[in-house]
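These protein sequence lines are chains U and C, in that order. So the first sequence is numbered by UniProt numbering: it starts at 1 and just counts up by one. So the second sequence is numbered by UniProt numbering: it starts at 1 and just counts up by one. The structure appears below as structure tokens.
There are 2 protein chains.
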Amino acid sequence: MYKTILDYVRRNQLFDRGDRVIVALSGGADSVCLLVVLNEIKQEFDLALKAVHVHHGLRGEEADRDSNYAGELSEKLGVPFSCAHVDAAGYAKEHGMSVEEAGRHLRYKIFEEERVLFGGTKIAVAHHGDDQAETILYNLFRGTGLKGLGGMRPLRDRIVRPLLCVGREEILAYLSENGISYCEDSTNNGTEYARNRIRKVILPQIKEQLNARAGENIIHAGLMAAKADAYLEKQADSLLANYGELKKDKDGTVYQWGIGTEILLNEDDIIRGYVIRQMIKGVNQSMKDITMIHVESAAALLFGPAGRQIDLPGGLVAVRTRKQMWIKKKNVEDPVDNHLEVSLPNVDFSVFSYKKGMEIPKNGYTKWFDYDKIKCALSVRYRETGDYMTLAGGGRKTLKSYLIDSKVPKEERGKIPLVTEGSHVLWVIGYRISEYYKITDDTHTVIQMQLDGGKVNG
Amino acid sequence: MYKTILDYVRRNQLFDRGDRVIVALSGGADSVCLLVVLNEIKQEFDLALKAVHVHHGLRGEEADRDSNYAGELSEKLGVPFSCAHVDAAGYAKEHGMSVEEAGRHLRYKIFEEERVLFGGTKIAVAHHGDDQAETILYNLFRGTGLKGLGGMRPLRDRIVRPLLCVGREEILAYLSENGISYCEDSTNNGTEYARNRIRKVILPQIKEQLNARAGENIIHAGLMAAKADAYLEKQADSLLANYGELKKDKDGTVYQWGIGTEILLNEDDIIRGYVIRQMIKGVNQSMKDITMIHVESAAALLFGPAGRQIDLPGGLVAVRTRKQMWIKKKNVEDPVDNHLEVSLPNVDFSVFSYKKGMEIPKNGYTKWFDYDKIKCALSVRYRETGDYMTLAGGGRKTLKSYLIDSKVPKEERGKIPLVTEGSHVLWVIGYRISEYYKITDDTHTVIQMQLDGGKVNG
């Protein structure tokens with residue numbers, strides 16, 4: 001196994017010579033194996049290791065036992081060690097998240113702090129092949145593109161995962177062969193319901209009943225998806241390098257990135273999506289809260305008339321001008337760009353799970369819609385011929401006749417901003433939302449749309 | 001729903017104006033819906049339809065009832081109809097396949113014959129969204145790349161699937177709303193075990209316990225994989241168009257296709273695989289029996305010395321010469337290409353499931369290995385420094401000392417062909433196989449390697 005891991009580390013260039021590595025050490029089998037193996041290969045890469053244990057303030061004596069064992073093992077291996085205490089339960093309460101999620105946040109925060117203190121270059125964590133198969137299925141079931149199908153990457157943002165190439169059974173066999181002890185992970189029994197179901201029920205069932213190698217097969221398909229994802233990103237980057245127009249402020253911070261609509265329209269659908277993602281990442285410095293629907297809605301602007309825009313999380317906006325597709329920071333006045341022709345309001349989208357009894361906002365600025373009903377990209381735009389709404393009971397009404405019935409003067413009708421899915425109007429901003437997209441008892445997921453305050457007569 | 005399907009047909013350009021379409025009509029809900037919807041949209045695309053029902057000679061009266069209903073419905077809709085009788089059970093016996101597999105073979109054979117008779121341009125089948133999610137999971141668990149993750153394509157090789165955009169429930173609701181009756185598919189209860197498990201147990205469990213939208217999410221991820229796959233194929237084709245070297249015989253049949261090794265080595269791993277696939281497809285006219293391991297083994301030749309080759313199914317061979325990577329038909333003497341420097345034997349690989357009690361061939365030309373043990377690409381080559389074998393008990397022995405112990409004269413040692421995985425020798429051809437890869441009671445899958453008769457002293 002040692003050789004498998006060494007091959008994997010080399011092939012994926014997980015370490016540079018002289019790396020200083022924080023090793024996440026819970027004291028469980030996986031992290032014990034990680035520390036032992038890294039300690040063995042440290043000479044080859046001239047690594048400096050430091051083991052860090054996070055005590056979550058949960059599980060009483062058992063957690064103390066784990067901490068003590070982690071410290072003892074590190075000492076025996078001659079690896080510097082530190083233990084940090086956190087209050088996962090309190091943090092969970094404070095931030096309205098599950099204890100597991102809080103634990104994860106806090107751990108990575110500690111590892112990052114320890115890395116800086118240690119002058120560290122990498123953080124090694126003990127995810128293995130079984131975790132990878134579980135992650136890929138979890139992403140697939142919850143909704144993902146190639147990125148999520150690719151699972152955890154061996155190296156990303158300083159986090160390295162040298163054990164992804166081996167399974168849990170191999171790890172246990174290695175520890176037992178080498179007479180290395182470890183603490184039982186009773187925490188693993190408490191992780192979130194969905195992952196637990198996959199790990200304990202669904203994946204074993206698939207292996208037993210459908211294909212004994214399903215775990216490896218899932219990992220292999222994931223690897224292909226990850227490779228395709230990396231390649232597509234590279235292609236998008238190269239298009240942007242050749243044709244992109246980048247705008248930076250005095251400090252060199254990117255506030256706007258654009259590319260010719262002609263160029264995007266000549267590319268495949270999938271590349272358009274990747275170009276938009278890369279522009280968002282470049283302007284936002286992060287893909288936090290950016291979902292598929294944002295990317296697809298931005299890409300859909302290409303097929304509409306100039307002047308349309310949609311809002312994106314993180315204070316960004318996607319704008320399609322006559323010749324360019326832009327991702328820009330909102331509220332940045334751009335003296336150079338005067339094609340914008342934009343007077344549409346800013347609408348923020350966010351997506352979350354619906355639980356029965358949630359109170360639906362009753363104001364003109366925040367609306368909830370049934371996310372599951374939306375099949376295509378959304379636009380924020382003015383009216384066009386063919387626009388329609390759905391009435392209670394399921395009948396359709398043209399937007400025109402709705403506006404006439406609502407006594408909107410003819411000259412005002414073209415100035416009312418809409419949120420639409422194709423010709424189907426979800427929201428006549430300032431007026432009403434379509435029956436079709438309303439929240440019902442069957443709603444699983446909500447898409448909330450929020451207007452930048454007071455811009456329309458809503 | 002009608003509009004959803006029409007959109008889908010337009011977006012994917014499933015039909016050209018004037019297409020003549022064979023509609024596969026079992027009489028069950030899905031195919032009844034297909035025929036009704038196609039009959040509705042036929043004007044828009046100026047389609048000529050013909051319904052074809054295949055009677056499998058199974059299920060006695062029930063099958064007769066289905067045939068009759070299919071005929072009546074077609075008549076009512078004014079669509080020409082024909083019914084073909086086949087003997088699925090007999091065909092299954094004759095060809096050593098399951099009755100379901102036999103049924104599928106025979107159906108597509110009939111549809112193709114009917115298409116030719118009808119002067120047809122397309123064959124429409126009734127696979128829907130639920131079938132798609134099931135297919136994607138089935139492929140994922142059994143092992144696949146992006147192609148399999150992409151599931152069934154809306155249009156491929158004249159087969160169109162207009163219902164992929166709707167689910168089974170929508171189909172049933174549509175039929176009931178429009179008062180259209182259909183036959184219960186009792187056949188669906190008899191389809192193969194694995195697909196049935198996914199459809200009836202695993203997918204419903206995932207939807208219920210993990211994510212109600214899992215079906216749609218799987219389909220969406222599949223769509224991204226299909227788009228990536230199509231894009232990667234296009235990139236590979238464009239590389240081959242620019243740099244490939246194609247050799248055709250007098251009739252214009254391609255017998256050899258190659259590209260510079262330098263060019264391939266400059267590309268991403270994933271593109272190398274696609275280029276090799278496209279060359280195989282071009283020379284072989286089919287990807288039948290070509291697995292991932294063949295493509296990866298061929299790609300691995302790039303990283304070895306010139307002169308190595310491996311055999312591929314369909315009578316092909318991948319050859320790496322000093323400057324080129326070739327896919328060629330075996331036994332085609334190529335007067336132009338004299339870089340081949342090849343004297344290695346031809347080894348055919350095939351992969352199948354192992355069942356306890358299967359008789360392992362005991363001759364020098366056919367060997368079985370435990371496929372699950374193979375993690376990297378295989379090569380057929382001569383020995384190199386560092387080659388080793390695994391002995392009974394798990395110890396290693398260098399190939400050199402094995403050959404010395406076997407009293408192979410020094411000057412002969414370099415002439416013995418090997419099958420290797422990296423430096424690990426699976427088979428010293430003519431001598432022995434490695435203990436490590438031997439079939440055991442735990443073996444799930446066998447890779448059989450077969451030598452072209454009598455070329456070595458085995």
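Using N, Cα and C, we set each Cβ at its ideal position, and we do this for glycine too.
Endpoints, the alpha helix (DSSP H) within which residue i is located
i, result
"Gly260 (chain U)", "No alpha helix (DSSP H) holds Gly260 (chain U); the beta strand (DSSP E) holding it covers Val254 to Gly260."
"Asp16 (chain U)", "Where Asp16 (chain U) is concerned, there is no enclosing alpha helix (DSSP H), given that its DSSP letter is neither H nor E."
"Thr135 (chain C)", "Gly129 to Arg142"
"Cys33 (chain C)", "Ala29 to Phe45"
Neighbourhood of residue i by C-beta distance below 6 Å, restricted to the same chain and skipping five residues each side
i, result
"residue 459 (chain U)", "Because chain U is modelled from 1 through 458, residue 459 (chain U) falls outside the range shown and cannot be assessed."
"Gly27 (chain C)", "Asp66, Tyr69, Ala70 and Cys183"
"Lys288 (chain C)", "none"
"Met279 (chain U)", "Trp257 and Ile327"
"Ala84 (chain U)", "Val54 and Ile110"
"Trp368 (chain C)", "Ile360, Ile439, Val446 and Gln448"
"Thr398 (chain C)", "Tyr388"
"Val160 (chain C)", "Leu14, Lys122 and Ala124"
Rounded straight-line distance, which links the Cα of residue j to that of residue i
i, j, result
"Val295 (chain C)", "Met224 (chain U)", "13 Å"
"His95 (chain U)", "Ser31 (chain U)", "28 Å"
"Thr420 (chain U)", "Ser406 (chain U)", "19 Å"
"Leu163 (chain C)", "Val52 (chain C)", "18 Å"
"Glu245 (chain U)", "Phe118 (chain C)", "55 Å"
"Asp311 (chain U)", "Lys76 (chain C)", "52 Å"
"Glu114 (chain C)", "Met97 (chain C)", "24 Å"
"Glu411 (chain U)", "Ala124 (chain C)", "49 Å"
"Gly151 (chain C)", "Asn139 (chain C)", "8 Å"
"Val425 (chain U)", "Lys323 (chain U)", "27 Å"
"Val336 (chain C)", "Lys248 (chain C)", "At Val336 (chain C), the pLDDT of 41 sits below 50, so the modelled position is not reliable; the number obtained from the coordinates is stated separately. So the two alpha carbons sit approximately 12 Å from each other."
"Leu316 (chain U)", "Leu344 (chain U)", "14 Å"
"Ala194 (chain C)", "Ile136 (chain C)", "13 Å"
"Gln209 (chain U)", "Asn196 (chain C)", "11 Å"
"His339 (chain C)", "Gly145 (chain U)", "Unreliable positioning characterises His339 (chain C) in this predicted model, as indicated by a pLDDT of 42, which lies under 50. A coordinate reading is not provided."
"Trp427 (chain C)", "Lys42 (chain U)", "34 Å"
"His56 (chain C)", "Leu35 (chain C)", "20 Å"
"Leu403 (chain C)", "Asn242 (chain U)", "57 Å"
Residue i classed as buried or exposed, judged by whether at least 16 other C-beta atoms fall within 10 angstroms
i, result
"Pro80 (chain U)", "exposed"
"Met358 (chain U)", "exposed"
"Tyr174 (chain C)", "buried"
"Thr443 (chain C)", "buried"
"Gln132 (chain C)", "buried"
"Gly120 (chain C)", "buried"
"Leu47 (chain C)", "buried"
"Gly222 (chain U)", "buried"
"Lys147 (chain U)", "buried"
"Ala228 (chain U)", "buried"
Unbroken beta strand (DSSP E) run spanning residue i, endpoints
i, result
"Ile270 (chain C)", "No beta strand (DSSP E) contains Ile270 (chain C), which is instead part of the alpha helix (DSSP H) from Asp269 to Asn284."
"Tyr388 (chain C)", "Tyr388 to Thr390"
"Lys76 (chain U)", "Where Lys76 (chain U) is concerned, there is no enclosing beta strand (DSSP E), although the alpha helix (DSSP H) it sits in stretches over Gly60 to Leu77."
"Ile218 (chain U)", "Per DSSP, Ile218 (chain U) belongs to no beta strand (DSSP E); it is in the alpha helix (DSSP H), Ala214 to Tyr243."
"Ser176 (chain U)", "Not the beta strand (DSSP E): Ser176 (chain U) falls in the alpha helix (DSSP H), residues Arg168 to Glu177."
"His444 (chain U)", "It is not in any beta strand (DSSP E) - His444 (chain U) carries neither H nor E in the DSSP assignment."
"Asp311 (chain C)", "Gln309 to Leu312"
Same chain, Cβ closer than 8 Å to residue i, neighbours up to 5 away in sequence not counted
i, result
"Thr440 (chain C)", "Asp370"
"Tyr274 (chain U)", "Leu232, Glu233, Gln235 and Ala236"
"Leu239 (chain U)", "Ile259, Ile263, Glu267, Ile271 and Val275"
Cut-off 7 Å between Cβ atoms - residues of its own chain near residue i, not counting five sequence neighbours on either side
i, result
"Asp237 (chain U)", "Gln278"
"Tyr2 (chain U)", "Val37 and Glu40"
(request) Check distances from the C-beta atoms of the segment 228 to 247 of chain C to those of chain U and list, in chain order, the residues that come in under 9 Å. (result) The residues in question are Ala228, Asp229, Ala230, Tyr231, Leu232, Lys234 and Gln235.
(request) Determine which residues of the segment 66 to 95 of chain C have a Cβ less than 7 Å from any Cβ of chain U, and write them out in chain order. (result) none
(message) Tell me which residues of the segment 135 to 149 of chain C have at least one Cβ-Cβ distance to chain U shorter than 7 Å, keeping chain order.
(response) Leu140, Phe141, Arg142, Gly143, Thr144, Gly145, Leu146 and Leu149
(message) At a CB distance below 8 Å, what residues from the segment 414 to 444 of chain U approach chain C? Give them in sequence order.
(response) Within the segment 414 to 444 of chain U, the residues whose Cβ lies closer than 8 Å to some Cβ of chain C are His444, listed in chain order.
(request) Could you name the residues of the segment 38 to 53 of chain C whose beta carbon sits closer than 8 Å to any beta carbon of chain U, in the order they occur along the chain? (result) none
(message) Closer than 7 Å between beta carbons: that is the criterion. Which residues of the segment 367 to 386 of chain C meet it against chain U?
(response) Asp372
(message) Along the segment 148 to 170 of chain U, where does the CB come closer than 7 Å to a CB of chain C? Name the residues.
(response) Leu149
(message) Using a Cβ-Cβ cutoff of 7 Å, what residues of the segment 208 to 219 of chain U are near chain C? List them in chain order.
(response) Gln209, Leu210, Asn211, Ala212, Arg213, Ala214, Asn217 and Ile218
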